[in-house]
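Undergrad:
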Ligand code: PEP
Ligand code: MG
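Residue numbers (this note's numbering): -19 to 932.
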């Protein structure tokens, strides 16, 4: 006979059929219960019970909500074993045993699925239970009314698919009866109700259940148990659970396990308690046992927040609960036992644990343990401390901290507690992390004006453009209704480490009236307070309190140096000003991967150079242009020189002018007239020239290298500035190293054309300075698909490649970086795209082009230096991709430098882990393209070597 499939796994009395590694089968809770109960190092006091596997859940959903035939008998056997262990029987009128029935998915889905407690209480077992508790009728009827409430809600209503009208759910109806009873008795809380009151309530509850749901509340323990099990399975496909899975990207097919565990009670009297604790402080990472508990209470009372919990020990006390008696003081013996257990648990799991316990008549029971959630600063501190304590290796430490946790350490954030109780009024894309609060302004000029008056302002725009930069600088944060993650606002804000939300499409911005209509139709006006969570893209009305993400703390520095020891990728920064460069250096940048020269024409101190540039742009003749260029030259040179100096010998990649020129010409008549006058032109002429610059599709228009080809004098001026600045620094014995980068190249001839100019100017400057050579490199951006495909030809001339993945993504998908806000949310919602390709590299398409570019480039020029300077260079998954395809460096905005350092280290550690766990030849049978990407995803050295060898 075929071996029966196993669906039920017992745990308790120092034994367990499962263990902690079986999360896929037993869910997180079940696996850890088994580990706590059965592992030889632990054997903790876990109330006995059993876990019904996720496979049973899958069966349930693939067989019209029927259980596998063998389940009944396996459950009965496990139940019997638990009964034998505690010496009581399920359904026994004399000495009954009660169970809890809880969900437990592979990864925790807090509050998303269902639980039923006190299963097994019926009219026949109630007297036995009263006897067992020494005549505590009050306790038993309280347990019974809780059972009726939970069961009717979870099993009889939700799992049965009953959809009550708003506020008419059975739980709400029963709560109203409870409230009425309390009112009648003048009771402030449930605890003031007597046994008689509760008994009466139970009768009323049962009658209400029958009346509302049409079936009686089951008075049979078996029916209750199986109803509970089915309901927990069904809750996997409940509305809340489904939406949570969408957000957290948890696959639908995982299913949940069900844990059936003997009940222990923390609410039988003053020698009982229940609590939640962490082996270290999850708020700051301090290595101190931390937690809360309630005397004479059930777990749900702690969660429901009806009573304020007391601190578990003296060191957990805060100003809010300092007057409460700690568990350490109230029950010293049990506390000592709990403290010893928490230490063992942390040592065993080698990570901070979140534990739930119950004390029943002075006896301690462990109900749950799992790896505890923690905030960013705590995650960093714990990782560093645990390495120092030799609990974990640096590789483990690096894997434990996420990019967003690290980010939290760098930016001020909204107080999470205040945020939890506030409701967002709009949602957009999280373009610049951190939090901000300020008053609304609608124009850049107002932002500057209010800022000068000492006000903190949030600049709201339909979308921003370069003319807004001054206002963006002055604003505390930026909010736009349109635009994506690489829109102007997003790029600029990220570069400055400024909080920013873009593409909040539900906002209606009325610039004329200076009004903003938010969700629900409410109108906010200039001067009204709003708060932004730029890490999550949430907008709130009013001023929420802020907390500083642990500023440049010692733990962070120690953690990043662990990362640096492991990583192979270098990390550079995209910096446009000497200040940005200096900040990035302080974050650990090892050079500048992108210095966008045009940024000197925006923002602080830009008035003069911008004026000269505009004059150059509007020039009609070469002579006029050359004159304007001469005037512009000193500004360009001093900007470049200051940036080279700030990087102290690290390479600085200076990109030649890229944006379409019309971006710099004022759009309103008054400003244009002023400009025309200042450069001796009529308004009509200036307008004509400005109109001639207008393009229908400027992103694919006259920009990048195309400017340098049509106006070689502009390229020459920039190159001269770079070489002269470098020569002057070298003369002054300063260490500097420029790398000249040509943007938007698609043709070999374009690159060649500009290189000839570089060589010519190099010779001229050397001659003028009386030197032989000025050290530098010349390279190209790869941001057009054709450039990636013809990388072999480009590498004949370029000494380095820098992938401009903003444009490369734009041109590979044909999605405009500035206009995709209109359809991206729909694409994400309908899962047409798994994520925003402007945030995280699309490995399949854009990634393939990058790989081709690297292969062909390095085939033509072995050792070709390759980096990335698109926004993806600071996004963890993309950084890992860059490592896998063998880039030399990533470059990102200053505030993302630490995140890139972490992701680069994680790439190495994950690669090693995959290598050691991957059986050979696993990818056979996939399509060629997929296996190629899979090998990159696996990211091992072999695939990189292969990338070099298979140049096409
Ligand atoms: C890019 O296209 O990826 C890039 C870095 O250039 P920019 O964003 O300035 O176009
Ligand atoms: Mg570009």
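Every residue, glycine too, gets a C-beta built ideally from N, C-alpha and C.
1. Assuming residue 935 and residue 165 form a contact by the criterion Cβ under 8 Å, report the distance between their Cβ atoms to the nearest whole angstrom.
2. Using DSSP bridges, identify the partner residues of residue 241.
3. Can you tell me which residues form a DSSP beta bridge with residue 416?
4. What did DSSP end up calling residue 721 once you bin it into helix, strand or coil?
5. Is the beta carbon of residue 26 less than 7 Å from the beta carbon of residue 5?
6. Return yes when the Cβ of residue 418 is within less than 7 Å of the Cβ of residue 443, no when it is not.
7. Buried or exposed: residue 642, going by 16 or more other Cβ atoms within 10 Å of its Cβ?
8. Name the DSSP beta bridge partners of residue 793, please?
9. Quick check on DSSP: helix, strand or coil for residue 162?
10. Return the chain-ordered ranges of every beta strand (DSSP E) run that is complete within the segment 755 to 799 and spans a minimum of 3 residues.
11. Below 8 Å on the Cβ atoms is my contact criterion, and I expect residue 308 with residue 294 to pass it. Report the Cβ-Cβ distance as a whole number of Å.
12. Specify whether the segment 612 to 631 and the segment 553 to 567 touch according to this definition: at least 3 beta carbon pairs, one from each stretch, less than 8 Å apart.
13. In whole angstroms, what is the alpha-carbon distance linking residue 837 and residue 606?
14. Is residue 675 near ligand 2 - that is, is its Cβ less than 6 Å away from at least one heavy atom of it?
15. Starting from the C-beta of residue 450, find all residues in its chain whose C-beta is less than 7 Å away, skip the five residues before and the five after it, and write them out in chain order.
16. Tell me whether residue 444, by its Cβ, gets closer than 6 Å to a heavy atom of ligand 1.
17. Does the Cβ of residue 53 have 16 or more other Cβ atoms within 10 Å, making it buried, or fewer, making it exposed?
18. At the 7 Å Cβ level, is residue 719 part of the contact set with chain D, yes or no?
19. Looking at the secondary structure, which residues open and close the beta strand (DSSP E) in which residue 129 lies?
20. So, with DSSP's three-state summary, where would you put residue 173?
21. Using only the alpha-carbon positions, how far apart do residue 732 and residue 577 sit?
22. My assumption, with CB atoms under 8 Å, is that residue 597 sits in contact with residue 644. Please give the rounded CB distance.
23. I'd like the ranges of any beta strand (DSSP E) spanning at least 3 consecutive residues and lying wholly in the segment 820 to 897.
24. Taking only runs that begin and end inside the segment 288 to 342, name each unbroken beta strand (DSSP E) of 3 or more residues, in chain order.
25. Where do the ends of the alpha helix (DSSP H) carrying residue 988 lie?
26. Bridge partners for residue 348 per DSSP, in chain order?
27. Between 816, 551, 112, which has its C-alpha nearest residue 877's C-alpha?
28. Is it buried or exposed, residue 591, if we count other Cβ atoms within 10 angstroms and call 16 or more buried?
29. Work out the CA separation of residue 332 and residue 371 for me, nearest whole Å.
30. Please enumerate, following chain order, all residues with a beta carbon closer than 6 Å to at least one heavy atom belonging to ligand 1.
31. Among the candidates 211, 118, 135, whose CA atom is the shortest distance from the CA of residue 171?
32. Measuring alpha carbon to alpha carbon, tell me which residue in 403, 543, 808 is nearest residue 498.
33. Applying the 10 Å Cβ sphere with the 16-neighbour rule, what's the burial state of residue 706?
34. For the structure I just gave you, are there three or more beta carbon pairs, one from the segment 713 to 732 and one from the segment 621 to 641, closer than 8 Å?
35. Keeping to the same chain, check which residues put their C-beta closer than 6 Å to that of residue 334; ignore five residues upstream and five downstream.
36. Buried or exposed, going by whether 16 or more other CB atoms sit within 10 Å of the CB of residue 665?
TA: Taking the structure as given:
1. Because the chain is modelled from -19 through 932, residue 935 falls outside the range shown and cannot be assessed.
2. Looking at the DSSP output, residue 241 bridges to 29, 80.
3. In DSSP, residue 416 forms a bridge with 512.
4. DSSP places residue 721 within a strand segment (E or B) once states are collapsed to three.
5. No, Cβ-Cβ distance for residue 26 and residue 5 is not below 7 Å.
6. Contact: no.
7. By the 10 Å Cβ count, residue 642 comes out buried.
8. Residue pairing for residue 793: DSSP places it in no beta bridge.
9. If DSSP states are grouped into helix, strand and coil, residue 162 belongs with the helices.
10. Counting only runs of 3 or more, we get 757 to 762, 780 to 783.
11. Right, the Cβ-Cβ distance comes to about 6 Å (below 8 Å), so this counts as a contact.
12. Result yes; three or more Cβ-Cβ pairs closer than 8 Å.
13. Cα-Cα distance, rounded: 36 Å.
14. Within the chosen limit of 6 Å, ligand 2 does not reach the beta carbon of residue 675 with any heavy atom.
15. Around residue 450: 424, 428, 583.
16. Ligand 1 has no heavy atom closer than 6 Å to the beta-carbon of residue 444.
17. Residue 53 counts as exposed, since fewer than 16 other C-beta atoms from the protein chains shown sit within 10 angstroms of its C-beta.
18. Absent here is chain D; the protein component of the structure consists of one chain.
19. Boundaries around residue 129 are those of the alpha helix (DSSP H), 117 to 131, since no beta strand (DSSP E) includes it.
20. Three-state DSSP puts residue 173 in coil, outside helix and strand.
21. Each residue's alpha carbon lies about 21 Å from the other.
22. Contact between residue 597 and residue 644 holds: their C-beta atoms lie close to 6 Å from each other, under 8 Å.
23. Listed in chain order, they are 845 to 848, 869 to 872.
24. Here the runs fully enclosed are 333 to 340.
25. Lying outside -19 to 932, the shown extent of the chain, residue 988 is not represented and no answer is given.
26. 336.
27. Among 816, 551, 112, the Cα nearest to that of residue 877 belongs to 551.
28. Flag for residue 591 reads buried.
29. Spanning the two alpha carbons is a distance of roughly 11 Å.
30. With 6 Å as the limit between CB and the heavy atoms of ligand 1, the residues that fall short of it are 574, 576, 638, 763, 784, 785, 786, 787, 849, 850.
31. Checking every option, the nearest Cα to that of residue 171 belongs to 118.
32. For the residues 403, 543, 808, the minimum Cα distance to residue 498 belongs to 403.
33. So residue 706 counts as buried.
34. Segments in contact, yes.
35. The beta carbon of residue 334 sits closer than 6 Å to those of 258, 350, 352, all from its chain and outside the five residues before and after it, given in chain order.
36. Under this definition residue 665 is an exposed residue.
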